[in-house]
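Sequence order for the protein chains is P and V. Under our numbering, the first residue of the first sequence is numbered 74, with each subsequent residue one higher. Under our numbering, the first residue of the second sequence is numbered 74, with each subsequent residue one higher. One structure is given here, and the rest of the page talks about it.
Number of protein chains: 2
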Amino acid sequence: MTIDVINLAQKFSLITKQWDPKIIAQLNDYHVKIAKIQGEFVWHSHPETDEVFLVVDGILTIHLRDRNLHLEAGEMCVIPSGVEHKPTAEEECQILMVEPAGTLNTGDAGGERTIEETGWI
Amino acid sequence: MTIDVINLAQKFSLITKQWDPKIIAQLNDYHVKIAKIQGEFVWHSHPETDEVFLVVDGILTIHLRDRNLHLEAGEMCVIPSGVEHKPTAEEECQILMVEPAGTLNTGDAGGERTIEETGWI
């Protein structure tokens, strides 16, 4: 059985496209994913699951309907299931997410920014 | 509903005792925990779950029966269910773990270093 040491900086260096999450680890039926993001995403929610965001580099703003969350490197939050949110970042930001395998990036919103099958990196 | 921004450095600053993991977030029925560790832990495995380790500060060595994993800050690994491991750290090390709520720190080994009820911080 292979147990790899996963270096986050090395994994992020392999990502060339923004808003294109990649899986770096599996924990039971959950995936740890990373993404580089910049600009605005779409409003969406995940009716079936909570979602962990951890900022590895940069500043992430998560818009909620009633306020905004500002997260810097070394900060995290959990967006509860069903809560509408819109991730944004003025400058390129590196984020790590933990969520059940198969969770779609656009949740219940769908649309052209949906990644139907998230790959490993 | 409260959605908190969780600052890892601030949470680690509240931990005064080594080998005493604290919960900082809940994701569905999973917990995100942090701990300060130094020295040797006990050999154990978790027959029922995989376990994520992410090093936030310092160097973590996870002994496996056939080799050792060395993880520095910004590195992580997943110890699969049933795999015996013994976390160690020469200097104090700050780690973040993700695992199902109720997972015991000593797994199937039990003993005096077991934290029966992990608290929030």
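Virtual Cβ for every residue (Gly too), placed ideally from N, Cα, C. Bear in mind the structure is a predicted one, so any value in this text is a computation, not a measurement.
Could you give the distance in angstroms between the alpha-carbon of residue i and the alpha-carbon of residue j?
{"i": "V78 of chain P", "j": "E157 of chain P", "result": "34 Å"}
{"i": "G131 of chain V", "j": "E164 of chain V", "result": "7 Å"}
{"i": "E113 of chain V", "j": "I107 of chain P", "result": "31 Å"}
{"i": "A104 of chain V", "j": "H119 of chain V", "result": "A small fix is needed here, since residue 104 of chain V is His in this sequence, not Ala. Roughly 15 Å between the two C-alpha positions."}
{"i": "G192 of chain P", "j": "K109 of chain P", "result": "14 Å"}
{"i": "E189 of chain P", "j": "R140 of chain P", "result": "29 Å"}
{"i": "T179 of chain P", "j": "V115 of chain V", "result": "42 Å"}
{"i": "D102 of chain V", "j": "W92 of chain V", "result": "23 Å"}
{"i": "D123 of chain P", "j": "D181 of chain P", "result": "13 Å"}
{"i": "C150 of chain V", "j": "G183 of chain P", "result": "32 Å"}
{"i": "K159 of chain P", "j": "I152 of chain P", "result": "11 Å"}
{"i": "A174 of chain V", "j": "I97 of chain V", "result": "12 Å"}
{"i": "E121 of chain P", "j": "Q83 of chain P", "result": "31 Å"}
To the nearest whole angstrom, what separates the beta carbons of residue i and residue j, a pair I think is in contact under 8 Å?
{"i": "L205 of chain V", "j": "F126 of chain V", "result": "Nothing about residue 205 of chain V can be reported from this structure: the residues present for chain V run from 74 to 194 only."}
{"i": "C166 of chain V", "j": "L133 of chain V", "result": "5 Å"}
{"i": "K95 of chain P", "j": "I194 of chain P", "result": "4 Å"}
{"i": "L81 of chain P", "j": "E148 of chain V", "result": "7 Å"}
{"i": "I135 of chain P", "j": "L142 of chain V", "result": "Not quite, the Cβ-Cβ distance comes to about 33 Å (not below 8 Å), so this is no contact."}
{"i": "A146 of chain V", "j": "V129 of chain V", "result": "6 Å"}
{"i": "Q177 of chain P", "j": "T187 of chain P", "result": "Position check: residue 177 of chain P holds Leu in this sequence, whereas Gln was assumed. So it is a contact: roughly 6 Å between Cβ atoms."}
Name the DSSP bridge partner or partners of residue i?
{"i": "D130 of chain P", "result": "P:Q167"}
{"i": "E172 of chain P", "result": "P:H104"}
{"i": "W193 of chain P", "result": "P:I96"}
{"i": "V151 of chain V", "result": "V:V125"}
{"i": "I76 of chain P", "result": "None; I76 of chain P has no bridge partner."}
{"i": "A162 of chain P", "result": "P:G112"}
{"i": "E60 of chain V", "result": "Residue 60 of chain V falls outside the range modelled here, since chain V spans only 74 to 194, and no answer is possible."}
Contained beta strand (DSSP E) runs [length at least 3] in the region 94-127 of chain P, N- to C-terminal order
95-100, 103-113
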